[in-house]
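Throughout, the numbering used here is defined as the position within the sequence shown, counted from one, plus 1. Glycine residues also receive a C-beta, built at the ideal position from the N, C-alpha and C atoms. From a predicted model like this one, the values you see are computed outputs, not experimental measurements.
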Amino acid sequence: MDPKPSSRRELLLKGSALAVGTVAAGGAVGDIALADTPAKALPSFTANEAPMVPSTDATVAYGVRSHYVTSKRLQEPGRAVPAIYTDFGLTAHVFTPLQDSYGTIQASSLHYFATTKGSFIPDIDPAQHTLTIQGQVERPRVFTMADLKRFPSVSRFHFIECSANSHNASHKNVQESHGATSNAEWTGVLLSTLLKEVGVKEKAGWFIAEGAEEIKGADTIPLAKGMDDVFVAYAMNGEPVRPHNGFPIRLVVPGFEGIFNTKWLRRINVTDEYQLNMDDFGHLRKDAVGAALGYTWGPKSVITFPSGSQKLPDQGWYEITGLAWSGQGAVSKVEISTDGGKSWNLADLKGTPQRMAHTRFGYMWKWEGGEHVIMSRTTDETGSIQPTGQQVAEFFKEAYTPKYTPPGRNNSIMPWKIASDGSVTNGLA
Ligand SMILES: Nc1nc2c(c(=O)[nH]1)N[C@H]1C(S)=C(S)[C@@H](COP(=O)(O)O)O[C@H]1N2
Ligand SMILES: [Mo]
Numbered sequence: 002m003d004p005k006p007s008s009r010r011e012l013l014l015k016g017s018a019l020a021v022g023t024v025a026a027g028g029a030v031g032d033i034a035l036a037d038t039p040a041k042a043l044p045s046f047t048a049n050e051a052p053m054v055p056s057t058d059a060t061v062a063y064g065v066r067s068h069y070v071t072s073k074r075l076q077e078p079g080r081a082v083p084a085i086y087t088d089f090g091l092t093a094h095v096f097t098p099l100q101d102s103y104g105t106i107q108a109s110s111l112h113y114f115a116t117t118k119g120s121f122i123p124d125i126d127p128a129q130h131t132l133t134i135q136g137q138v139e140r141p142r143v144f145t146m147a148d149l150k151r152f153p154s155v156s157r158f159h160f161i162e163c164s165a166n167s168h169n170a171s172h173k174n175v176q177e178s179h180g181a182t183s184n185a186e187w188t189g190v191l192l193s194t195l196l197k198e199v200g201v202k203e204k205a206g207w208f209i210a211e212g213a214e215e216i217k218g219a220d221t222i223p224l225a226k227g228m229d230d231v232f233v234a235y236a237m238n239g240e241p242v243r244p245h246n247g248f249p250i251r252l253v254v255p256g257f258e259g260i261f262n263t264k265w266l267r268r269i270n271v272t273d274e275y276q277l278n279m280d281d282f283g284h285l286r287k288d289a290v291g292a293a294l295g296y297t298w299g300p301k302s303v304i305t306f307p308s309g310s311q312k313l314p315d316q317g318w319y320e321i322t323g324l325a326w327s328g329q330g331a332v333s334k335v336e337i338s339t340d341g342g343k344s345w346n347l348a349d350l351k352g353t354p355q356r357m358a359h360t361r362f363g364y365m366w367k368w369e370g371g372e373h374v375i376m377s378r379t380t381d382e383t384g385s386i387q388p389t390g391q392q393v394a395e396f397f398k399e400a401y402t403p404k405y406t407p408p409g410r411n412n413s414i415m416p417w418k419i420a421s422d423g424s425v426t427n428g429l430a
């Protein structure tokens, strides 16, 4: 049964009834009873005697979150932190706490980050930093940060997702299974604007973006993508890009695997031929066709509530919510199953889905106890539908087990299991 839209009115009715205290605990209006918990007596309000948040330079000048809010990024499960580098290791994959996220933007302080191509987070002085564009161009040029900011800017919402974001039966929660993707509002200058400045030669077909710290190799990207929607970002969520995410400039390559979004960008070399790519596992892809297969994320989604390690406190109504995205364009539809994929219901999309960006979805569901396997499935604007793990394995002609990790980007459906006591665990386990 789809509880929308009449139930929405009932929810509102129920809410206002509760506010004036006329509905008995557990009472129902229509077929929806949100109040499965006892109604509380109305408090009496006096002058605020709560302890105060100290107004120091630290809390006022830049701001702090409440000390009651403690969610944090975590090192990828199963990876040891090499002692040599205290900032999460030589190759860092640091996952964002998606289980605590709201809306579509990750706070910059919680945006996942990955260093695969280098070994440290460079501390770059923006006044000294430049971007060089050279190679198959008419007028090679060195741009300062000030130069870049004189061009017309774009501000766009995009997700970045590492190929290490590959869920399997071993993950306890959504941070471990899906925490290597985040969504932010990025501001910068289109690469096409800069390429027009330098004049691309006719035989050019590719470009290679290089970060300041890179020791393991850059990536070759088709020039057509560079002329389309790639941009050089200097800001993230309304302030300069953070050091871990590429300060002072990074490339944003919408929809492509994370590794192409070169951080600490210092050089773009326009070439007439494909050179090579490295993936997150250190493999070099020497041929252009193989590389092309590795570029774009397909449609993907995950339920963030209720998800692994969480617990439904009581029977009753809940909003099943999560994130959906696609590297191929905007999300057009998200469906939810509460019976292990036998039947599917349309979820609400919150706001207007942006292209190659996370979209929040929600679906009101009454848990009446019992065991359930819940899952979400995205369709994007190209008509691609998020596959099951089984389908991904078939595509790669490999055997499927719940521990299966595909050779490419894993965009398969993620099941969560709700036990009869309300506790939630990995549905692949
Ligand atoms: N220069 C440079 N750029 C880089 C990397 C790197 O190690 N060095 N890591 C890449 C990888 S593997 C990913 S998944 C994304 C992660 O972007 P984020 O750290 O902002 O989340 O950055 C990419 N850009
Ligand atoms: Mo990555």
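- Counting along the chain, the unbroken beta strand (DSSP E) around S377 starts and ends at H373 to D381.
- Boundaries for K404: no beta strand (DSSP E) harbours it, and the DSSP string shows neither H nor E there.
- According to DSSP, residue pairing for K312 in a beta bridge involves S424.
- Taking all protein chains shown into account, K73 has fewer than 16 neighbouring C-beta atoms within 10 Å of its C-beta and is therefore exposed.
- Going by C-alpha positions, Y401 is about 56 Å away from A51.
- Nearest C-alpha to E258 among V231, P403 and E203: V231.
- Of the heavy atoms belonging to ligand 1, none sits nearer than 7 Å to the Cβ of T133.
- Ligand 2 has a heavy atom closer than 7 Å to the beta-carbon of T117.
- Counting only runs of 3+ residues, the beta strand (DSSP E) found wholly inside the region 104-178 occupies 114-116, 131-136, 142-145 and 155-162, in chain order.
- The DSSP-derived three-state label of E198 is helix.
- Beyond the five residues adjoining it in sequence on each side, Q176 comes within less than 8 Å, by CB distance, of L75, F96, T97, P98, L99 and Q100 in the same chain, given in chain order.
- Not one heavy atom of ligand 1 lies closer than 7 Å to the C-beta of I375.
- Between S377 and I337, the gap from beta carbon to beta carbon is short of 8 Å.
- Annotated as distal: T194 and W207, with beta-carbon spacing of 8 Å or more.
- Remark: C-beta atoms of Q311 and G370 do not approach each other more closely than 8 Å.
- Remark: the shortest separation between the CB of I222 and any heavy atom of ligand 2 does not fall under 7 Å.
- G428 and H172 have their alpha carbons spaced roughly 10 Å apart.
- Annotation: the continuous beta strand (DSSP E) that includes K418 extends over W417 to I419.
- Counting along the chain, A225 sits inside the alpha helix (DSSP H) bounded by residues L224 to D229.
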